[in-house]
Structures are given as C-alpha cells and as structure tokens.
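Protein chains in written order, with my numbering: chain G, 1 to 112; chain Z, 113 to 222.
Yeah, the Cβ is synthetic: ideal placement off N, Cα and C, and Gly gets one too.
To start, the structure itself, in structure tokens.
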Amino acid sequence: NAGVTQTPKFQVLKTGQSMTLQCAQDMNHNSMYWYRQDPGMGLRLIYYSASEGTTDKGEVPNGYNVSRLNKREFSLRLESAAPSQTSVYFCASSLGQDQPQHFGDGTRLSIL
Amino acid sequence: AQRVTQPEKLLSVFKGAPVELKCNYSYSGSPELFWYVQYSRQRLQLLLRHISRESIKGFTADLNKGETSFHLKKPFAQEEDSAMYYCALSGRGGGFKTIFGAGTRLFVKA
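The structure is reproduced here in structure tokens:
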C-alpha cells in the first residue's frame with residue numbers, strides 16, 4: 001500500500017520553464033492538497049481539491065495551476081517557473097476535509 | 113482570520129526531561145486541531161488530533177479554548193522524539209482549509 005506517491009522526487013528547472021508535479025493516492029480519499037514548505041514558514045496550501053471534479057485556491061496559488069484528473073490523481077503545474085518557486089512541494093490526501101491528511105515524500109524543486 | 117502560531121523554532125531538551133511544544137491558534141468557531149510530526153528522512157505524518165483524546169508515543173495535547181492553545185506535552189522525552197513538529201488547524205469557518213504552523217524542531221540530547 002503506497003499511500004500518496006509523488007513524482008519526481010527532485011527537479012532542477014531554469015527560469016521560465018514549465019513542469020508538472022504528479023501525485024496519486026491509493027486510499028480512496030476524496031480530498032487532495034498541494035503544499036509548499038519553505039524554511040521558517042511551515043506548510044502553505046497552494047491548491048486543494050475537496051472532491052473529484054472540484055479545485056480551489058489555497059493561501060499561495062499564484063503561479064500555479066492544478067488538475068484533479070480523477071479521484072486518485074491531483075497534479076500541480078508551474079507554467080513559467082520563477083526562482084521564488086524554489087521549494088519542497090508536498091501532496092496530501094484525506095478522506096474528508098476535516099480528516100487527518102496523509103502526505104507524500106515531497107518533491108524538491110530548484111529553479112535557477 | 114485563521115492562524116496557527118508555534119513560537120519556538122527550536123526546542124532542545126535532555127533525554128528524560130519533560131517537553132512542551134507550544135501551539136496557539138486564532139479561529140472563530142470550533143476548530144479541529146492536529147499535531148503532525150516529521151522524523152528524519154520520513155514522511156510528514158499525523159501524531160494526534162484533539163478530538164480523539166489519545167496518547168500517542170507518550171504525547172498528549174489538550175485543547176484549551178479559553179487560551180486558544182493546543183500544546184503538545186510529553187513527561188519524559190526520548191532521543192527518538194527528535195523531529196519536526198507541526199501544529200495544524202482546520203474547521204468549517206475556514207472552509208475546512210488546513211492551516212499549518214511554522215513548525216518546531218525538537219532536539220532531544222542524550
């Protein structure tokens with residue numbers, strides 16, 4: 001049982017490049033989330049999907065887009081990467097929005 | 113506005129000493145509160161939630177609505193407790209978006 005799987009684990013991009021981070025969960029969870037983790041700032045919510053077919057902005061959505069492809073998969077896209085988006089990105093899922101979240105291993109993204 | 117404050121970035125204690133990781137929150141209504149932990153080279157995972165009133169790995173946390181706090185406590189710290197701890201809040205008033213604190217790194221010295 002893999003839980004939440006994120007790919008890739010590491011990525012280096014040049015400013016202006018685009019990239020999609022993939023996330024899949026095998027727990028039949030309804031809600032999925034994307035966070036970024038920066039030193040001294042904890043985890044900040046980028047986008048979330050309360051249920052299949054819906055997506056909503058979180059605290060720091062600018063520069064990102066998401067797709068809830070199906071119940072299992074929730075991808076995060078950077079259309080034109082900027083150095084300020086250098087961070088560790090975490091995907092998470094939960095049975096419902098007020099339920100505990102299960103996290104992936106994270107993607108370490110560096111933008112030069 | 114919802115807010116979670118963890119005032120200590122780093123907390124260092126000796127093995128066997130009591131430990132308290134502070135968490136204060138700002139929220140209108142009845143929040144759901146959680147503590148998550150991230151051990152070295154492991155995933156962020158749930159440690160406990162206030163609604164379950166459990167003791168996990170010797171840790172407890174009591175919701176104090178008067179002081180708007182949800183401090184995490186353990187009477188005798190162990191070296192394996194060294195990790196990053198995040199307090200988190202969710203609730204209907206915030207559209208169930210989960211807000212995380214900045215985290216406290218606990219270092220338990222031998």
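| Asked | Found |
| --- | --- |
| Buried or exposed, going by whether 16 or more other CB atoms sit within 10 Å of the CB of valine 12 of chain G? | exposed |
| Examine chain G for any beta-carbon lying closer than 8 Å to the beta-carbon of lysine 121 of chain Z, and answer yes or no. | yes |
| Within 8 Å (strictly less), CB to CB, does threonine 117 of chain Z reach chain G? | no |
| When burial is assigned at 16 or more other CB atoms within 10 Å of the CB, is lysine 186 of chain Z buried or exposed? | buried |
| Using only the alpha-carbon positions, how far apart do lysine 121 of chain Z and arginine 72 of chain G sit? | 35 Å |
| Cβ closer than 8 Å: which chain Z residues qualify as neighbours of phenylalanine 90 of chain G? | Leu156 |
| Among the residues of its own chain, which have a CB less than 7 Å from the CB of alanine 2 of chain G, if the five just before and after it don't count? | Asp26 |
| Is glutamine 22 of chain G close to chain Z, meaning its C-beta is less than 8 Å from at least one C-beta of that chain? | no |
| Taking only beta-carbon atoms, is glycine 53 of chain G less than 8 Å away from chain Z? | no |
| Quick one: is tyrosine 198 of chain Z buried, meaning 16 or more other Cβ sit within 10 Å of its Cβ, or exposed? | buried |
| Given a threshold of 16 other Cβ atoms within 10 Å of its Cβ, counted over all protein chains shown, does leucine 112 of chain G qualify as buried or as exposed? | exposed |
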